[in-house]
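All residue numbers for the sequence shown refer to UniProt numbering, where the first residue is 1 and numbers rise by one.
Beta carbons are placed, not taken as given, at the ideal position from N, Cα and C, and that holds for glycine.
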Amino acid sequence: MDYVRATYNAATSKTAQRTLLNTILAAAASSVLFGLAAIAYLLFYHNYLPDQITTIPIHLQYGYEVNPYGIASLADKNFKDLQDYDITVTLKLPRSPPNLDRGNFMLALHLLDDASNKLVTPPTAAAAAAQSTAPPIMPTSALQGKTILHSSARPAIVPYTDPLVSLASRLLFLAYHIFFPASETATLRVPMAERLQFRRGTLMPTSLLLDVQAGQALQVYSAAVTVTAQLRGLRWLMYTWRITSFLVFTTGFWLFEVVFMGLAWVVLSVVFGGDSAPGQTDVVKTEQGQTGSTGVVKKEAGIEEDVPMTFPTSSRQPPLRYEPSTEAVKDEAGETSPLAEIPPLGGEADDEDEEEEDEEDGRFRGDSGIGTSYSDRDGGSVRRRASRGRQQR
Numbered sequence: 001m002d003y004v005r006a007t008y009n010a011a012t013s014k015t016a017q018r019t020l021l022n023t024i025l026a027a028a029a030s031s032v033l034f035g036l037a038a039i040a041y042l043l044f045y046h047n048y049l050p051d052q053i054t055t056i057p058i059h060l061q062y063g064y065e066v067n068p069y070g071i072a073s074l075a076d077k078n079f080k081d082l083q084d085y086d087i088t089v090t091l092k093l094p095r096s097p098p099n100l101d102r103g104n105f106m107l108a109l110h111l112l113d114d115a116s117n118k119l120v121t122p123p124t125a126a127a128a129a130a131q132s133t134a135p136p137i138m139p140t141s142a143l144q145g146k147t148i149l150h151s152s153a154r155p156a157i158v159p160y161t162d163p164l165v166s167l168a169s170r171l172l173f174l175a176y177h178i179f180f181p182a183s184e185t186a187t188l189r190v191p192m193a194e195r196l197q198f199r200r201g202t203l204m205p206t207s208l209l210l211d212v213q214a215g216q217a218l219q220v221y222s223a224a225v226t227v228t229a230q231l232r233g234l235r236w237l238m239y240t241w242r243i244t245s246f247l248v249f250t251t252g253f254w255l256f257e258v259v260f261m262g263l264a265w266v267v268l269s270v271v272f273g274g275d276s277a278p279g280q281t282d283v284v285k286t287e288q289g290q291t292g293s294t295g296v297v298k299k300e301a302g303i304e305e306d307v308p309m310t311f312p313t314s315s316r317q318p319p320l321r322y323e324p325s326t327e328a329v330k331d332e333a334g335e336t337s338p339l340a341e342i343p344p345l346g347g348e349a350d351d352e353d354e355e356e357e358d359e360e361d362g363r364f365r366g367d368s369g370i371g372t373s374y375s376d377r378d379g380g381s382v383r384r385r386a387s388r389g390r391q392q393r
């Protein structure tokens, strides 16, 4: 029963309640900080990493210019500076006689911005050396009011197939083509830029223009531009190992938050907690293993004082009372009281009487400290009576 009561008292004490409250607050704050760290990492991931693969469909316009061309918006695309990009144009063409007879033709790609109408040099020297600029024919109606950030032109051709091989294939798969008819399609993938990089602080493309320089007779099923980001370094690590990077970076950011929260907690505790003035607080220390009301009273100001004191306890126990030991009240043997130095009343005595008085006073003081607990005040009264008796004689 005593063990249960002691456990209950310890669990309901002020220290336990304060510890529990601090633990709950620390756990709640840590959970909130972990959520903030996760959100911060996701925002950093979105702002730091570009879209690795971006496919933009192009709708070619016929009948407006000499060649069919198409314009697509890039305003909502996530392009980053100091990042290498590969750009590829994909054309799906029918294997029709006009396309087969067309032979080689050119594809021109222009990355545009809406700032002004002047030609801008390619972003990097390597890209300028690798890419061909200034295509022979440009749809001027689509380039008015635009800034050309990058231009490139590459050749393309419909793949050639031997007529005899094509006829044999048709005869071999004749039954299949009867039940599952399909069109003859040729897919052209033409690389338009490799390792294209935009310098820090330069303009980013907001639109692109694809010019198919094959005349209006070219037949096209669909066209698309694919922009692929060549990730390296930290971007490659964050994209390839997404879960691992999320756990590592979120945990690291969370640890920094917890450390700074702890430092702020300590600073606020020191600033707003305050310390009691010296000499005003009595600290009571009870040694382990001692029971009852015996305790050691320690005065912070250095004043040694042994007086009865009462200390509050829990609600179900009587208050703890400290009683000073009786031995501490007694004066040690051989100590002299300041009253002994006061001269006795009456006339002055000669030297012999003073010597006798000293001997008698020493005897009385020695006797008063052995088991009688007489104080120095009583000894002083005895000395006065003895001196008066000698004067009368």
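For MET106, the enclosing beta strand (DSSP E) starts and ends at 105-113. The beta carbon of TYR221 sits closer than 6 Å to the beta carbons of LYS92 from its chain, once the five residues preceding and following it are set aside; these are given in chain order. The segment 39-97 contains no complete alpha helix (DSSP H) run of 4 or more residues.
Going by beta carbons, VAL225 and ILE53 fall outside the 9 Å limit. With respect to the 9 Å criterion, ILE157 and PHE105 are classified as neighbours on the basis of their beta carbons. Taking 9 Å as the cut-off, the Cβ atoms of LEU143 and THR202 do not count as close. Membership of PHE311 in the beta strand (DSSP E) is indicated by the continuous run 309-311.
Taking C-beta separations shorter than 6 Å and ignoring five residues to either side along the sequence, the partners of THR90 in its chain run ARG189 and ALA224, following chain order. Fewer than three beta-carbon pairs drawn from the segment 63-73 and the segment 246-253 are found closer than 8 Å, and the two stretches are therefore not classed as touching.
Counting other Cβ atoms within 10 Å of its Cβ, LEU247 stays below 16 and is therefore classed as exposed. Pairing ARG235 with GLN83 gives a Cβ-Cβ distance under 9 Å.
The three-state secondary structure of ASP162, taken from DSSP, is coil.
By the criterion of a C-beta distance shorter than 7 Å, LEU237 is surrounded in its chain by SER245, once the five residues flanking it on both sides are discounted. MET192 places its beta carbon 9 Å or farther from that of SER166. ASP211 has TYR69 and ALA108 as its beta-bridge partners, per DSSP. THR206 has its alpha-carbon roughly 49 Å from the corresponding atom of ALA168.
Between PHE44 and VAL227, the CB-CB gap reaches or exceeds 9 Å. The C-alpha of LEU196 is placed about 39 Å away from the C-alpha of GLU257.
Comparing alpha-carbon positions, the option among TYR62, MET261 and ARG321 lying closest to ALA27 turns out to be MET261.
Taking all protein chains shown into account, GLN213 has 16 or more neighbouring C-beta atoms within 10 Å of its C-beta and is therefore buried. ALA40 and VAL259 have their C-alpha atoms spaced approximately 17 Å apart. The beta carbons of ASP211 and LEU74 sit no closer together than 9 Å.
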